[in-house]
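Enquirer:
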Amino acid sequence: MTEKHIDEATGVATTGHEWDGIRELNNPLPRWWVWTFYITIVWALAYTVAYPAWPMLSSATTGLLGYSSRADVKAELVAAEAAKGQYVEAVAAKSVDEIIKDDTLRQFAIAAGAAAFKVNCVQCHGSGAQGSVGYPNLNDDDWVWGGSIDQIYQTVTHGIRFAEDGDTRISDMPAFGEIIDATQIAQVSAYVASLSGGAVADQAMVEPGKTVFTDNCAACHGDDGKGNRELGAPNLTDAIWLRGEGESAIAAQVKAPKHGVMPAWGGRLGDTKVKELAIYVHSLGGGE
Amino acid sequence: MLNDAEVERLDAEAVNSAKVRQPLYAARKKIFPKRASGNFRRFKWLVMAITLGIYYLTPWLRWDRGPYAPDQAVLIDLANRRFYFFPIEIWPQEFYFVAGLLVMAGIGLFLITSTVGRAWCGYTCPQTVWVDLFLVVERAVEGDRNARMKLDAGPWTANKIGKRIVKHAIWLAIAVATGGAWIFYFADAPSLLRDFATGNAAPVAYITVAVLTATTYTFGGLMREQVCIYMCPWPRIQAAMLDEHSLTVTYNDWRGEPRSRHAKKAAAAGQAVGDCVDCNACVAVCPMGIDIRDGQQLECITCALCIDACDAVMDKVGRERGLISYATLNDYNANMAIATSGGTSTVDPRKVRGADGKMSHGLAHFHIRKIFRPRTFVYMGAWSLAGLALLYALLTRDRLEVNVLHDRNPQFVTLSDGSIRNGYTVKLLNMIPEPRTIIVTMQGLRGGEMTVTGIDQPADRSVAIQAEPDRLKTIKVFVRQPAEFIDGEAQTFKFVVEDKASFERDEYVATFNAPGKTK
């Protein structure tokens with residue numbers, strides 16, 4: 001275009017671009033817009049100097065202000081730790097009994113314990129602490145080793161059948177498959193099932209089963225079958241079955257008992273965390 | 289009869305005239321509105337005093353709510369998520385009251401606009417009010433229109449610099465006060481003022497004041513009419529809101545045209561002469577820089593100052609007031625038809641006057657009855673309905689509420705005696721600024737009993753909870769039902785919460801889960 005084309009209707013110059021007779025008007029941008037645009041360019045350049053921006057071979061430029069999002073996170077974590085510091089110190093200094101009586105401390109311990117539980121315990125006990133076959137449900141009121149806060153604290157600290165801890169809780173039910181015969185196992189299973197009012201296939205087995213029980217089992221589980229927490233012998237008269245209910249599940253456990261192992265958490269997590277965990281577990285509804 | 293010699297003619301040009309095609313970008317031409325006086329100006333002073341008074345003074349009003357709540361009458365307590373308005377306290381979940389008020393404001397704006405046009409723009413819009421305030425300052429410092437124009441065109445003498453400094457200093461002071469008043473709505477005003485003055489207030493307070501100072505100073509002092517013309521959407525929306533029955537500031541050219549500066553001479557020559565003496569008073573007072581005689585236009589905020597200016601001139605020349613007036617398009621068209629013999633001729637103002645020179649009786653005038661028409665009835669109805677619904681909701685709303693979350697993991701727990709236990713997180717909302725005892729009771733679920741974590745009492749069907757004033761109280765409830773009463777996988781029962789003192793109650797229907805097959 002040698003000379004400028006002026007649009008007749010608007011009196012505005014066109015850019016010279018034309019498509020099917022339609023021309024593009026060349027209206028100037030508002031001054032404030034243009035200046036804002038220039039300022040954003042200057043801003044962007046200054047920003048890349050002030051903040052980490054340009055990728056180099058091994059890392060990026062660090063920027064004059066020395067900002068880093070990692071440092072931010074670090075600072076926030078330090079602040080968060082500092083914010084709960086007084087509570088953590090109190091939990092560390094006091095006994096679980098004292099903590100549980102202090103409303104604020106108890107709530108702090110439950111929240112902290114819930115978090116630790118979700119990292120360390122859910123793999124076996126489940127995310128709701130509901131357990132499964134072989135792994136105890138921690139919500140209920142049936143405790144093999146006792147459900148008071150001190151007993152739970154002791155269990156979490158030293159574990160169960162955990163060889164590396166000298167104070168660990170140990171109970172070892174013999175494999176009765178090698179001691180009594182199959183008939184006796186069937187009989188004692190029927191008797192044990194009947195203790196909690198469970199279904200028994202052959203009622204005639206119950207009476208002889210009682211004799212087998214008295215001879216072989218009562219030493220740990222008690223004459224009445226209510227168990228013994230000192231020995232870690234479960235209560236057989238209640239509705240809760242760690243390894244499944246019914247005669248066949250009982251028979252399997254009598255014949256070749258399975259023994260769960262829980263690590264000692266005291267050495268791994270430290271005393272404070274274990275206190276928090278114990279208080280959390282105690283709060284789930286079954287605590288004594 | 290036409291004393292046009294006495295009328296001061298102003299050399300005013302409508303800088304935002306609709307007649308001149310504006311380039312898409314042009315530097316602003318300054319406007320120097322002349323001081324107007326008259327009924328509308330007085331009304332606008334009154335509206336300004338009321339609206340500014342409400343804005344500046346409201347945070348300082350006190351309202352006693354007892355020892356457990358702030359005593360500021362209007363307070364938006366963002367930190368604690370409470371909104372106080374005199375006796376009313378609103379929790380976040382009750383924000384629908386604010387939404388309802390916004391709905392009412394919207395419909396109200398429709399109603400006002402369909403009846404009296406852009407009254408919001410002309411009288412109560414903060415932009416209009418603050419520009420008016422800033423113009424008062426400008427006039428006080430620099431003088432009225434002519435003095436200001438002279439000063440603006442003149443060289444930068446010490447006098448001019450001094451006046452400008454004084455003007456901008458006062459503007460800035462007003463701007464700071466405006467931004468300052470805003471923050472007092474969000475915290476206890478007296479203590480915030482003390483903290484603010486001593487440098488102890490939160491950074492957000494200083495930032496808010498700084499931003500609002502900048503916007504007030506820029507919009508009210510520097511940009512003025514440009515905010516309305518370029519930035520505000522309302523002038524665009526109003527086109528859809530106005531109809532032929534809406535009152536709007538109108539130049540009645542059916543009696544004004546043909547305008548003449550030499551009316552006597554023209555009349556003597558037997559020519560048609562309108563009432564408009566072309567004195568430009570209406571243009572000179574216009575804060576928007578338009579000529580109302582061009583007709584209705586986007587820039588016009590209907591502040592009616594041109595009516596005051598024109599009425600004063602009409603009084604001087606001995607004509608009836610109302611050459612510029614609030615009129616509806618219908619009335620205007622009817623009168624125009626008379627003046628133009630139904631559109632067959634150009635405007636001849638002699639046709640709207642009788643033989644005695646008085647306005648003829650056939651002319652259409654505004655009457656209050658004209659406001660009442662189906663459209664405004666619908667708006668009024670919708671507005672009243674929204675208002676009544678809000679009032680009903682406000683009067684019947686609960687100040688004691690319960691929300692219940694059933695534990696999902698585990699859904700239920702079998703206990704050693706075979707009974708089933710479910711866990712619930714129960715949230716008690718004590719929404720008054722008083723501590724109270726709330727009785728939580730179970731209804732239904734045969735044989736069921738509950739215990740509350742942290743409350744040392746044996747399982748029961750009812751438990752008393754101490755709730756702090758104006759707070760949410762969360763408790764953990766374990767409900768236990770003996771095996772023999774369990775009736776299905778999911779049973780429903782009620783948590784009933786009661787305040788025995790005030791007889792308020794609320795209830796929540798909860799579900800009790802049990803294993804699918806029972807022995």
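Respectively, the protein sequence lines represent chains A and B. With our numbering, the residue at position 253 of the first sequence is 253, and numbering never jumps. With our numbering, the residue at position 48 of the second sequence is 336, and numbering never jumps. Glycine is no exception: its CB is placed at the ideal position from the N, C-alpha and C atoms. Keep in mind that this is a model prediction, so the values were computed, not measured.
#1: Return the residues of the stretch 701–721 of chain B that lie within a Cβ-Cβ distance of less than 9 angstroms from chain A, sorted by chain order.
#2: Mind checking B/Asn-623: buried by the 16 CB within 10 Å criterion, or exposed?
#3: If you measure from the beta carbon of A/Met-1 to each beta carbon in chain B, is any gap under 8 angstroms?
#4: If you drop the 5 nearest sequence neighbours on each side, which residues of the same chain put their C-beta closer than 7 angstroms to that of A/Thr-284?
#5: In or out: A/His-158 buried (at least 16 other Cβ within 10 Å) or exposed?
#6: With a threshold of 7 angstroms on Cβ separation, who are the neighbours of B/Lys-438 within its own chain once the five nearest residues in sequence on each side are excluded?
#7: Taking C-beta pairs closer than 9 angstroms, name the residues in chain A that B/Phe-766 reaches, listed in chain order.
#8: Below 7 angstroms CB to CB, which residues in the same chain sit around B/Pro-380 once its five sequence neighbours on both sides are set aside?
#9: Within the present structure, is the beta-carbon of B/Asp-619 separated from the nearest heavy atom of the ligand ADP by less than 7 angstroms?
#10: Using a Cβ cut-off of 8 angstroms (strictly closer), state whether B/Asn-568 contacts chain A.
#11: Kindly say whether B/Asn-801, judged by its beta-carbon, lies nearer than 8 angstroms to any beta-carbon of chain A.
#12: Hey, is the stretch 599–617 of chain B in contact with the stretch 528–545 of chain B, meaning 3+ C-beta pairs nearer than 8 angstroms?
#13: Once the 5 residues before and after B/Leu-717 are set aside, which same chain residues still bring their CB inside 6 angstroms of it?
#14: Please report the Cβ distance between B/Val-573 and B/Cys-594, rounded to the nearest whole angstrom; I am assuming they are in contact, meaning their Cβ atoms lie under 8 angstroms.
#15: Going along the chain, which residues of its own chain have a beta-carbon closer than 7 angstroms to the beta-carbon of B/Pro-491, five neighbours each way excluded?
#16: With a threshold of 8 angstroms on Cβ separation, who are the neighbours of A/Trp-54 within its own chain once the five nearest residues in sequence on each side are excluded?
#17: Can you list, in chain order, the residues of the stretch 238–259 of chain A whose Cβ is nearer than 8 angstroms to any Cβ on chain B?
#18: Tell me, which residues are paired with B/Lys-782 by DSSP?
#19: Are there 16 or more other CB atoms within 10 angstroms of the CB of B/Leu-693, so buried, or fewer, so exposed?
#20: Answer yes or no: does any C-beta atom of chain A fall closer than 8 angstroms to that of B/Thr-741?
#21: Could you tell me which of B/Trp-351, B/Ser-402, B/Arg-350, B/Ala-324 sits nearest to B/Ala-615, measuring between CA atoms?
#22: Are the Cβ atoms of B/Thr-538 and B/Gly-410 separated by less than 8 angstroms?
#23: Express the C-alpha separation of B/Ala-625 and B/Ser-648 in angstroms, rounding to a whole number.
#24: Can you find a CB in chain B that lies within less than 8 angstroms of the CB of A/Thr-147?
#25: Report the residues of the stretch 102–130 of chain A with a CB closer than 7 angstroms to any CB of chain B, ordered along the chain.
#26: Taking 8 angstroms as the threshold (beta carbon to beta carbon), is B/Asn-697 in contact with chain A?
#27: Checking contacts by CB at 8 angstroms: is A/Asn-137 closer than that to chain B?
#28: For A/His-289, does the three-state DSSP call read helix, strand or coil?
#29: Hey, does A/Asp-142 have any beta-carbon neighbour from chain B nearer than 8 angstroms?
#30: Residues in its own chain within less than 8 angstroms of B/Leu-399 by CB, not counting five upstream and five downstream?
#31: Out of B/Ala-592, B/Gly-650, B/Asp-599, state which residue places its alpha-carbon closest to the alpha-carbon of B/Tyr-620.
#32: With 16 as the cutoff for other CB atoms within 10 Å, does B/Leu-340 come out buried or exposed?
#33: Roughly how many angstroms lie between the CA atoms of B/Ala-627 and B/Ala-560, to the nearest whole one?
#34: To the nearest angstrom, how far is the alpha carbon of B/Gly-642 from that of B/Met-576?
#35: Using the beta-carbon count (16 or more within 10 Å), is B/Tyr-518 buried or exposed?
#36: Assign B/Pro-757 to one of three DSSP states: helix, strand, or coil.
Expert: On the basis of the coordinates in this document:
#1: Under the 9 angstroms Cβ criterion, the stretch 701–721 of chain B contributes Val-701, Thr-702, Leu-703, Ser-704, Asp-705, Gly-706, Ser-707, Arg-709, Gly-711.
#2: With 16 or more neighbouring CB atoms inside 10 Å of its own CB, B/Asn-623 falls in the buried class.
#3: Caution is warranted here: a pLDDT of 45 is assigned to A/Met-1, below 50, making its placement in the model unreliable, and no coordinate value can be reported.
#4: Reading off the sequence, residue 284 of chain A comes out as Leu, not Thr. Only residues of its own chain outside the window of five on either side were considered, and among them Ala-129, Leu-138, Asn-139 have a CB closer than 7 angstroms to the CB of A/Leu-284, listed in chain order.
#5: Under this definition A/His-158 is a buried residue.
#6: Close CB contacts of B/Lys-438 within its chain, under the 7 angstroms cut and outside five residues either way in sequence, are absent.
#7: Here the neighbours are Gly-285.
#8: Cβ-Cβ distances below 7 angstroms link B/Pro-380 to Arg-369 in the same chain, with the five nearest sequence neighbours on each side left out; the list follows chain order.
#9: Annotation note on the ligand ADP: not contained in the displayed structure, which lists no ligands.
#10: So, not an interface residue.
#11: Not a single C-beta of chain A is nearer than 8 angstroms to the C-beta of B/Asn-801.
#12: Here the stretch 599–617 of chain B lies against the stretch 528–545 of chain B, with 3 or more beta-carbon pairs under 8 angstroms apart.
#13: Excluding positions up to five away in sequence, the list reads Glu-689, Leu-760.
#14: Beta-carbon to beta-carbon, B/Val-573 and B/Cys-594 are separated by about 6 angstroms, close enough to satisfy the 8 angstroms threshold.
#15: The answer is none, since no qualifying residue turns up.
#16: Closer than 8 angstroms at Cβ, skipping near neighbours: Thr-48, Ala-60, Thr-61.
#17: Result list: Asp-238, Ala-239, Ile-240.
#18: In the DSSP secondary-structure assignment, B/Lys-782 is bridged to B/Gln-731, B/Val-797.
#19: With fewer than 16 neighbouring CB atoms inside 10 Å of its own CB, B/Leu-693 falls in the exposed class.
#20: The Cβ of B/Thr-741 sits closer than 8 angstroms to at least one Cβ of chain A.
#21: The candidate whose alpha carbon is nearest that of B/Ala-615 is B/Ser-402.
#22: No, these two residues do not count as a Cβ contact at 8 angstroms.
#23: It is roughly 14 angstroms from the alpha-carbon of B/Ser-648 to the alpha-carbon of B/Ala-625.
#24: The amino acid at residue 147 of chain A is misidentified as Thr; the sequence shows Gly. Taking 8 angstroms as the threshold, the shortest C-beta distance from A/Gly-147 to chain B does not fall below it.
#25: Of all residues in the stretch 102–130 of chain A, those with a C-beta nearer than 7 angstroms to a C-beta of chain B are Asp-103, Ser-127, Gly-128, Gln-130, reading in chain order.
#26: When Cβ-Cβ separations below 8 angstroms define contact, B/Asn-697 makes contact with chain A.
#27: Closer than 8 angstroms: yes.
#28: Not covered by the structure: residue 289 of chain A. The range shown for chain A is 1 to 288.
#29: Taking Cβ atoms only, chain B reaches closer than 8 angstroms to A/Asp-142, which makes this a yes.
#30: These residues qualify, in order along the chain: Thr-664, Tyr-667, Met-668, Trp-671.
#31: Of B/Ala-592, B/Gly-650, B/Asp-599, the residue nearest in Cα terms is B/Gly-650.
#32: Buried, since its Cβ has 16 or more Cβ neighbours within 10 Å.
#33: Between B/Ala-627 and B/Ala-560, the C-alpha separation is close to 11 angstroms.
#34: Those two C-alpha atoms are separated by around 37 angstroms.
#35: Taking all protein chains shown into account, B/Tyr-518 has fewer than 16 neighbouring C-beta atoms within 10 Å of its C-beta and is therefore exposed.
#36: DSSP places B/Pro-757 in the coil class of the three-state scheme, outside both helix and strand.
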